[in-house]
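What follows is a single structure, written as structure tokens, with notes after it.
Protein chains in written order, with our numbering: chain A, 1 to 405; chain B, 1001 to 1405.
The following block contains the structure:
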């Protein structure tokens, strides 16, 4: 007998018809001789509506009370889901995070799961019930209700799957699965049958809009196979799992563009030890995350430093730098938000050469200028002009034959 | 330092403005040097909406899952109330029934409170917080969420007041207080400053629409003074408390008409022992509650029995009786739903004579025929024609000078 965890996001339980369809999935899995744990999010816009209620009361609600308020959204979904399963003739029981012993730290609105007591779930599964658990929530050591922040229901599902040693954790979503590129931009993009945890983490924009990054890391750590599946049809979706030998034969799994970074350029600083350290200490002190960094030696013993930060943090970064401009003797500090990061990802890169060359040549043929480059074991990223990013994405997708199986 | 429990019903927390006004009451009581516990119901129509969601899923939702669903209504109110108190600059913390240790039996949708662990509430009160508790809900011994049925938030408030030995339990409502008669029918009806537990229990239609009868009994048992107050102005409302010596000087406290009963008449049964017992055994076996009973000896050794039952249970009563009509040799079984019960109530009756005489004479003067009479130590009730009930009510109210202080 297998054990499957099924997670239904807010859009998959938005109304009575969708809840009934989701219940059907759970009952089907149970009838295929599986123990089934269902993790549900709040219905559709419920969480936003609850935040709206809070804002009618005060613009600065306490995080503890916000958690008390919004956690009702998932609780409602669990009860409705259990009722829908009952109506299909299968036994089921709903639990809040507190009832099922999901203990978190006390960081309200962004708590992390510390432990889960799976005894109660096991008992109910063994008695033949489908167990419906509220996603996104838990309790801290003092029994205060906490929530896990964005993507928190994924975290609940993956943590339960890991601790229950589930055979599979199904993440039902409103997409067909994980694609070689964003199909809205690249029509010939192909749905992947399988992808490794590492690849999907690198393919951030393709994967983590569907599954929360922290949950993928957790699944990787505990080796829980995830399956991203559509809730609107019966297709198989994409399995996210440990890399296998045959996966390495696929050199590039996907290509992605992100537009949430900005470039900062510091020109004409003296080429002497300690200045780079001073710059990035100041950046860190202002809680700005830095991604890529490039240092060039310029003319007359002066250097230029270029780096990227999240666009949302650019203003903080710039004011931090202007504060030390004199101290570091920088001639000019400027920024550019019109950049995009184009990445190719594939675990096969570890054992194949020539990927970077092919990528750079393709971009050159398209007359796309590469502003910055960074590489990891399984990824090559280039910062390019945002206006050229769509064209570049299509060209790279074609160059690596990603549309063909 | 005093301790006050304040209960706000659904209409008193229906929207953000009302929640803010309620929070103001709590903060005011706290600034008057009181520990304050606030008990809240679900906002306005929330509970009905939640039942509606369940009905979209199934027409036979399980009671456990219904409790899981509708208990979110009060939880939302607690969080919003705590936020509103924070916004007024006072510390506050919200709790679900489960968090505050309100343990009930397992009768989902109509559970009864078994015990409350007040330690947590005391700690939070001692640390200077206003404690906001979800009404209407608790958990059973297995940590399943339960609800207390209609009027359940009153039960929560009174139980907390009793266990915390509160000086007062304020029940905020949308009426000014308890009146000598229904002011919509009797314009000269007067608001009472004080009334005893026993009187308000007898004045069912005047009192228990405002406070649940079970909660009044509980308050009486633990001697918790209740105050029924309007949420829309600062007036004092009506205090419900143990009877005091001076209360006995008021002979009649109020007069009330209820129209939820029906009369059953069994004519021409043999006048021999055991038949009445047989009749009411059959009635009880069908779960029909009987209120007044009258037996007359008729002609030729035959008797008539007349009794009243709740209108909603009349059909059950009649079919039960028709089933034994032959056995009890009854000539005729008929019923009349067009009856009303007019009652005068007052603890002063215990030591004053002539109340019944005055009531009967007043009805006679109004040409109102009395069909049945029943009396208790502090109440006289007459069954009369429903069509005459308004006129009778006004006449009795006037006859006892209830409009004058």
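For glycine and all other residues, C-beta sits at the position ideal for the given N, C-alpha and C.
- DSSP places residue 1027 (chain B) in the uninterrupted alpha helix (DSSP H) bounded by 1016-1031.
- The Cβ-Cβ distance between residue 1340 (chain B) and residue 1366 (chain B) does not fall below 8 angstroms.
- Only 1080, 1081, 1082, 1083, 1084, 1086, 1087, 1092, 1093, 1094, 1095, 1096, 1098 and 1099 from the region 1080-1108 of chain B bring a Cβ to less than 9 angstroms from some Cβ of chain A.
- Where residue 296 (chain A) is concerned, the enclosing beta strand (DSSP E) starts and stops at 293-297.
- Only exposed fits residue 1375 (chain B), as fewer than 16 other CB atoms lie within 10 angstroms of its CB.
- The residue among A:153, A:144, A:49 and A:30 with its C-alpha nearest the C-alpha of residue 127 (chain A) is A:30.
- In this structure, residue 1314 (chain B) lies away from residue 1253 (chain B), with their beta-carbon atoms at least 8 angstroms apart.
- Counting only the Cα atoms, residue 1180 (chain B) lies some 43 angstroms from residue 52 (chain A).
- Residue range 1046-1057 is occupied by the alpha helix (DSSP H) that includes residue 1047 (chain B), with no beta strand (DSSP E) assigned at that position.
- Taken through DSSP and simplified to helix, strand or coil, residue 290 (chain A) comes out as coil.
- Under the 8 angstroms criterion on CB atoms, residue 1148 (chain B) is classed as non-interfacial with respect to chain A.
- Using a Cβ distance threshold of 8 angstroms, residue 1042 (chain B) and residue 1010 (chain B) count as a contacting pair.
- Beyond the five residues adjoining it in sequence on each side, residue 266 (chain A) comes within less than 6 angstroms, by CB distance, of 305, 330 and 333 in the same chain, given in chain order.
- Within its own chain, the residues whose Cβ lies closer than 7 angstroms to the Cβ of residue 90 (chain A), once the five positions on either side in sequence are excluded, are 27, 30 and 130, listed in chain order.
- For residue 54 (chain A), the residues of chain B that pass the 8 angstroms Cβ criterion are 1079, 1080 and 1083, in the order they occur in the chain.
- Taking a contact to require three or more Cβ pairs closer than 8 angstroms, the region 1053-1073 of chain B and the region 78-93 of chain A qualify as touching.
- Against chain B, a Cβ distance below 8 angstroms from residue 304 (chain A) picks out nothing, because the smallest value is about 50 angstroms.
- Among the CB atoms of chain A, one or more fall inside 8 angstroms of the CB of residue 1072 (chain B).
- Bounds of the beta strand (DSSP E) holding residue 335 (chain A) are 332-336.
- In this structure, the beta-carbon distance from residue 1133 (chain B) to residue 1078 (chain B) falls below 8 angstroms.
- If you ignore the 5 residues before and after residue 1336 (chain B), its C-beta comes within less than 6 angstroms of the C-beta of 1263, all in its own chain and listed in chain order.
- DSSP places residue 218 (chain A) inside the alpha helix (DSSP H), whose first and last residues are 213-221.
- Taking C-alpha positions only, residue 153 (chain A) is separated from residue 217 (chain A) by approximately 15 angstroms.
- One Cα belongs to residue 1372 (chain B), the other to residue 1384 (chain B), and the distance between them is close to 7 angstroms.
- Minimum Cα-Cα distance from residue 1360 (chain B) among the listed residues B:1203, B:1185, B:1285 and B:1382 corresponds to B:1382.
- For residue 1075 (chain B), the nearest beta carbon of chain A is closer than 8 angstroms to its own beta carbon.
- Distance from the CA atom of residue 343 (chain A) to the CA atom of residue 198 (chain A), rounded to whole angstroms, is 14 angstroms.
- Annotated three-state conformation of residue 129 (chain A) is coil, per DSSP.
- The three-state secondary structure of residue 1035 (chain B), taken from DSSP, is strand.
- Rounded to whole angstroms, residue 1211 (chain B) and residue 1229 (chain B) show a C-alpha spacing of 11 angstroms.
- Classified as buried, residue 1389 (chain B) has 16 or more neighbouring CB atoms from the shown chains inside 10 Å of its CB.
- Just so you know, the alpha carbons of residue 310 (chain A) and residue 1038 (chain B) end up roughly 45 angstroms apart.
- Within the region 361-377 of chain A, no residue has a Cβ lying closer than 7 angstroms to any Cβ of chain B.
- Shown here, residue 1063 (chain B) sits in a helix according to DSSP, grouped into three states.
- Between residue 168 (chain A) and residue 225 (chain A), the gap from beta carbon to beta carbon is short of 8 angstroms.
- In this structure, residue 103 (chain A) sits near residue 115 (chain A), with a CB-CB distance shorter than 8 angstroms.
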